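For reference, the structure discussed in these notes is given below.
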Amino acid sequence: MPGTQRSWWLREALALEGEPSPAAALVGDDAADVVIIGGGYTGMWTAWFLAERAPGTRITLLEQDICGGGPSGRNGGFVHGWWEQLPYLARLYGTERALEAAHAADEVVDGTAAWCDQHGVDAWFVKSGYLRVNAFPKRPRDWDGELVRLAELGDPGQLIGLNREEVQRVCASPAFGEGLMMPSAASIQPARLARGLRRVLLERGVTIHEGTVAQRVRREGSGMVVETRDGRVTADQVVLAVNAWIPGWPGFRTRALAWGSYMVMTEPIPDRLAELGWTNGELLSDSRFTISYFRTTPDGRIAFGAGVGAAGLGGRIGRTFTHSQAAIDRVIANFRHLLPGLADVGFEDAWGGPIDITADRFPEIGSTHGGRVLYAHGFAGNGVGPARLAGRILAARIASSDDPVASLPLFGRRQRFLPPEPFRYLGAKAIREALIRQDDALDEGRRPGLLTRIVARVPTLLGYRFRH
Ligand SMILES: Cc1cc2nc3c(=O)[nH]c(=O)nc-3n(C[C@H](O)[C@H](O)[C@H](O)COP(=O)(O)OP(=O)(O)OC[C@H]3O[C@@H](n4cnc5c(N)ncnc54)[C@H](O)[C@@H]3O)c2cc1C
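For the record, in the sequence shown the residue sitting at position 400 is 399 according to numbering that gives the first Met the number 0, with numbers rising by one throughout.
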């Protein structure tokens with residue numbers, strides 16, 4: 000039953016911490032230099048880099064739940080940069096600037112590992128690469144074009160094409176065809192990273208209020224004020240690090256939409272992993288639109304997720320994102336399809352959460368209110384690593400530091416808006432269902448129907464980029 004308890008990752012991390020009490024909620028008036036709304040990776044990395052770049056800055060972080068209670072404590076733990084995005088970045092900014100951005104994004108992997116070492120956070124970091132496999136039986140996937148493009152852009156080797164035999168050596172599933180390997184990717188226990196960040200921020204003197212919903216942000220005099228149910232904080236600057244909750248904020252309603260992603264955790268099956276030869280901790284995914292992503296844990300479990308949850312309506316993040324048994328049934332069906340030899344394996348946990356999608360499936364990092372409100376969101380289910388880069392960029396902007404990431408073209412980029420509600424919800428639902436039907440047909444080795452193919456192409460025709 001999804002939604003009845005916190006994710007397996009977060010329960011494991013909280014048990015390790017000795018089941019701490021949440022930080023006190025905000026009651027009454029407070030003042031800070033910077034208020035950060037959202038205690039996920041984006042908010043916490045922003046606080047961390049700000050504390051580093053501008054020591055003495057009074058930072059207050061408001062989280063409606065507990066830090067890591069949102070997607071940052073429930074995700075798949077795939078950490079990687081933007082090598083797959085490099086051709087798109089090159090289209091937006093030209094080769095040189097795109098490479099700068101991709102290298103900056105690559106830092107997140109080793110940077111996270113180094114940060115964990117430095118601060119005694121054991122986040123189960125394993126750098127074994129990320130392999131995307133083609134599991135459509137009758138549609139060979141030719142990644143050569145992407146590899147040639149990467150080589151032309153000047154960074155061959157960041158993605159490597161593997162034939163079926165090479166893929167089988169990573170994980171011997173009969174469902175897998177050829178694959179694309181990103182060697183620089185790593186896996187982590189996501190909640191251990193989130194909770195480690197929280198501990199270090201408290202040690203650094205950051206004020207954290209949990210159980211505190213920021214209800215409104217407005218100007219007051221020459222500064223800003225953030226209002227909550229029982230209090231308010233005045234500050235010079237506010238950081239909105241609310242991820243999939245962003246469409247609920249005025250000014251951001253057409254900037255992103257939320258979709259659900261759900262995960263299951265198997266019982267420990269180390270012997271079965273050994274039979275598959277999947278013992279080095281590689282991250283795996285398929286190439287469906289509602290991507291299935293799966294990885295192992297040190298005690299021999301498989302954490303398996305898929306972006307199969309429904310689209311959200313407006314800015315509401317309700318039970319569809321956490322309580323859908325239908326979504327979990329679908330995740331389990333995908334598990335059995337991709338790993339048919341594990342049909343008898345039991346599942347010990349299931350949970351879900353929202354991911355936020357912008358019109359081009361790429362994050363938005365910028366500011367509004369004359370630079371007094373900064374934001375970063377739109378990681379599209381790929382934020383574990385990039386949220387660190389976003390936090391670094393926001394902190395550099397606030398601290399006016401000379402960190403080179405501050406001048407990357409990512410800050411303040413303009414992108415297409417999504418349609419307003421209810422058209423966004425209805426359109427996203429119809430298109431999403433068509434893309435799922437299309438992939439179902441390909442999974443069964445059939446050609447998708449004409450209507451399905453037409454609807455599935457609508458986003459591209461309208462200039463949106465929903466598929467990676
Ligand atoms: C099931 C699942 C699997 C995923 N797997 C991966 C993966 O393997 N790799 C990857 O790169 N990405 C993955 N993602 C995406 C990744 O988790 C996110 O991109 C990343 O955690 C974003 O961090 P964040 O800090 O921006 O957002 P969040 O972690 O969502 O943090 C935002 C926080 O803001 C809080 N908040 C919202 N509104 C308010 C308010 N008004 N007042 C106070 N607090 C508020 C929320 O409670 C939340 O804690 C996955 C996501 C899901 C749901």
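Even for Gly, the Cβ is constructed at its ideal location relative to N, Cα and C. Please read these numbers as outputs of a predicted model, since none were measured by experiment.
DSSP-derived helix/strand/coil call for residue i
| i | result |
| --- | --- |
| SER6 | coil |
| TYR261 | strand |
| ILE301 | strand |
| GLY72 | helix |
| ILE327 | helix |
| ASP439 | helix |
| HIS208 | strand |
| PRO418 | coil |
| THR56 | coil |
| LEU407 | coil |
| GLU266 | coil |
| ALA234 | strand |
| VAL372 | strand |
| TRP350 | strand |
| TYR424 | helix |
| VAL457 | helix |
| VAL307 | coil |
| PHE293 | strand |
| GLY247 | helix |
| THR357 | coil |
Heavy atom of ligand 1 within 7 Å of residue i beta-carbon
| i | result |
| --- | --- |
| PHE378 | yes |
| PHE77 | yes |
| GLU62 | yes |
| TYR261 | yes |
| ARG73 | yes |
| GLY68 | yes |
| ILE354 | yes |
| ALA257 | no |
| ALA398 | no |
| VAL212 | yes |
| THR41 | yes |
| VAL241 | yes |
| ASN279 | no |
| GLY444 | no |
| TRP82 | no |
| VAL383 | yes |
| ALA100 | no |
| TYR129 | no |
| TRP244 | yes |
| GLY153 | no |
| GLY38 | yes |
Cutoff 6 Å; reference residue i; Cβ partners in own chain excluding five residues on either side
| i | result |
| --- | --- |
| LEU338 | SER172 |
| ALA46 | ILE35, ILE58, LEU60, LEU200, VAL205 |
| SER400 | ARG52 |
| VAL344 | THR265, ILE268 |
| TYR92 | PRO408 |
| GLY27 | GLY230 |
| SER366 | LEU373 |
| VAL169 | LEU130, GLU281 |
| GLY37 | ALA240, VAL241 |
| LEU25 | HIS208, THR211, THR227, GLY230 |
| LEU196 | MET43 |
| GLY246 | Note that residue 246 is Pro in the sequence shown, not Gly. Once the five neighbours on either side are set aside, the close Cβ partners of PRO246 are ARG252, ALA255, GLY314. |
| PRO70 | GLY352 |
| ASN133 | ARG140, GLY176, GLU177, SER286 |
| LEU13 | none |
| ARG163 | GLY176, GLU177 |
Same chain only: Cβ atoms within 8 Å of residue i, ignoring 5 sequence neighbours per side
| i | result |
| --- | --- |
| ALA31 | ARG57, ILE58, THR59, THR206, VAL232, THR233, ALA234 |
| GLY153 | THR94, LEU98 |
Any C-beta of chain B under 8 Å from that of residue i
| i | result |
| --- | --- |
| LEU201 | Reference to chain B is not applicable here, since this structure consists of a single protein chain. |
Contact set for residue i: own chain, Cβ-Cβ below 7 Å, skip 5 residues either direction
| i | result |
| --- | --- |
| GLU16 | ARG194 |
| ARG452 | GLN437 |
| TRP244 | GLY314, ILE316 |
| ALA405 | ILE392, ALA395, ARG396 |
| PHE410 | ILE364, GLY365, ILE392, ARG396 |
| THR278 | LEU272 |
| VAL125 | ALA185, SER186, GLY280 |
Nearest-angstrom Cβ-Cβ length linking residue i and residue j, presumed shorter than 8 Å
| i | j | result |
| --- | --- | --- |
| THR357 | ARG456 | Their Cβ separation, rounded to whole angstroms, is 20 Å, which puts THR357 and ARG456 out of contact at 8 Å. |
| GLY308 | THR319 | 7 Å |
| ALA482 | ALA190 | Since the first residue shown for the chain is 0 and the last is 467, residue 482 is missing from the structure and cannot be characterised. |
| GLY444 | PRO182 | With a Cβ gap of about 31 Å, GLY444 and PRO182 do not count as contacting. |
| ALA375 | PRO362 | 6 Å |
| ALA50 | HIS208 | With 8 Å as the limit, ALA50 and HIS208 do not qualify as a contact, their Cβ atoms being about 17 Å apart. |
- request: Counting only runs of 3+ residues fully inside the segment 6 to 36, write out the beta strand (DSSP E) ranges in chain order.
  value: 27 to 30, 33 to 36
message: Going residue by residue through the segment 112 to 196, where are the continuous beta strand (DSSP E) segments of at least 3 residues, counting only ones entirely within it?
response: 129 to 132, 159 to 161, 178 to 181
- prompt: Where are the alpha helix (DSSP H) runs, 4 residues long or more, that stay fully inside the segment 80 to 111, in chain order?
  reply: 85 to 92
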